[in-house]
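Just so you know, we're using UniProt numbering here: the sequence shown kicks off at 1 and counts up by one.
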Amino acid sequence: MSLSPQLIINVFYPVVHTHDVFVYGTLKKGQPNYFRMKDTANGQADFLAHARTVERYPLVIATEYNIPFLLNVPGKGHRVYGEIYRVNKTMLNFLDKFEECPEWYQRIKIQLEVQDGDGKGENTLKPGSIVETDVYVKTTNEPDWLQKPTYENYDTNGAHGLKYIDSATMPTQNPTKPAIYTECGVVQNGTKDPQQ
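Right, dumping it as structure tokens:
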């Protein structure tokens with residue numbers, strides 16, 4: 001019995017599933033939770049490029065903790081700036097838990113215009129190109145959130161004066177949210193993608 005070359009390749013070089021994720025808030029470089037993207041205990045996250053949304057979205061700062069939220073209301077707000085990372089499944093699972101997806105945030109697909117990139121080889125994205133990535137958004141929000149100021153580039157130390165309050169100071173469990181997380185599925189057209 002002989003093994004096919006493809007079988008040999010798959011056995012010795014298993015397929016690594018990666019996802020491209022757009023971060024626009026506290027997970028960006030220089031922001032309070034960026035260290036989580038670099039912590040290899042959470043998985044692998046490789047920076048690909050700076051980018052901004054193709055469509056306008058409201059990026060607001062809300063709650064008593066001054067959390068940045070991208071509201072899933074295309075056509076309002078600004079073209080939002082952020083960073084694209086290629087993450088492995090372990091990091092994606094960590095981000096789903098960190099973002100309390102799907103209970104708090106929802107992970108959807110979004111189109112981005114690449115601004116620049118410093119990746120190498122397969123991680124190079126061409127400036128000006130349009131790519132689709134995952135992003136964590138709020139599909140439901142408090143009614144007054146749409147009346148809040150919107151931002152195109154979040155910075156915790158921005159002129160808005162709404163510095164993010166570290167999650168370590170937050171209550172350990174919100175009684176309205178489940179304590180056990182399930183794997184987040186990508187929301188497309190209002191339904192959970194069964195492939196994710």
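C-beta: ideal position from N, C-alpha, C; glycine also.
Every value quoted in this text rests on a predicted model; they were computed, and no experiment measured them.
CB-CB length for residue i against residue j, believed under 8 Å
i    : j    : result
T156 : T26  : 7 Å
Y24  : V80  : 5 Å
Y154 : R107 : That pair is no contact at about 18 Å.
E142 : A51  : Actually they are not in contact, since the Cβ atoms of E142 and A51 sit about 28 Å apart, beyond 8 Å.
Y164 : I67  : 7 Å
L59  : H78  : 7 Å
Given residue i as reference, the closest of the options once Cα atoms are compared
i    : options                  : result
K138 : G75, W104, L162 and K163 : W104
H19  : T63, M37, T140 and A45   : A45
P127 : V23, T63 and A49         : A49
G117 : F98, F47, K148 and I130  : F47
G158 : R86, R107, P32 and W145  : P32
F22  : D39, I61, G77 and Q115   : Q115
E83  : T133, P102 and W145      : T133
K97  : K29, R36 and K28         : R36
M57  : Y65, F69 and G161        : Here the sequence assigns Tyr to residue 57, which means Met is not the residue at that position. It is F69 whose Cα lies nearest to the Cα of Y57.
G43  : K163, M91, Q111 and I67  : M91
G161 : K28, D39, E55 and A62    : A62
K109 : N72, T140 and D39        : N72
T124 : K38, E55, T140 and Y85   : Y85
N- and C-terminal bounds of the beta strand (DSSP E) containing residue i
i           : result
D96         : Premise fails: D96 lies in the alpha helix (DSSP H), K89 to F98, not in any beta strand (DSSP E).
residue 207 : Because the chain is modelled from 1 through 196, residue 207 falls outside the range shown and cannot be assessed.
T133        : I130 to V137
R107        : Q106 to G117
H19         : T18 to V23
P68         : I67 to L70
L125        : Looking at the DSSP string, L125 is not in any beta strand (DSSP E), and its letter there is neither H nor E.
H78         : From DSSP, H78 is part of no beta strand (DSSP E); its letter is neither H nor E.
T53         : A45 to T53
L59         : L59 to A62
Burial state of residue i, where buried means 16 or more other Cβ atoms lie within 10 Å
i    : result
V16  : exposed
Q188 : Since pLDDT at Q188 reaches only 42, below the 50 mark, its modelled position is unreliable, and no value is offered.
A41  : exposed
Q147 : exposed
D166 : exposed
Y76  : Sequence check: residue 76 is Lys here, not Tyr. Looking at its Cβ environment, which holds fewer than 16 other Cβ atoms inside 10 Å, K76 is exposed.
P102 : buried
P149 : exposed
P74  : exposed
I130 : exposed
N174 : With a pLDDT of 49 at N174, under the threshold of 50, the predicted position of this residue should be treated as unreliable, and no value is reported.
E64  : exposed
P28  : Per the sequence presented here, residue 28 reads as Lys, with Pro not at that position. K28 is buried by the Cβ-count criterion.
Boundaries of the alpha helix (DSSP H) in which residue i is found, first to last residue
i           : result
residue 208 : No information on residue 208 is available, as it lies outside the stretch 1 to 196 that the chain covers here.
Residue i at chain C interface by Cβ criterion, 9 Å
i   : result
L27 : Reference to chain C is not applicable here, since this structure consists of a single protein chain.
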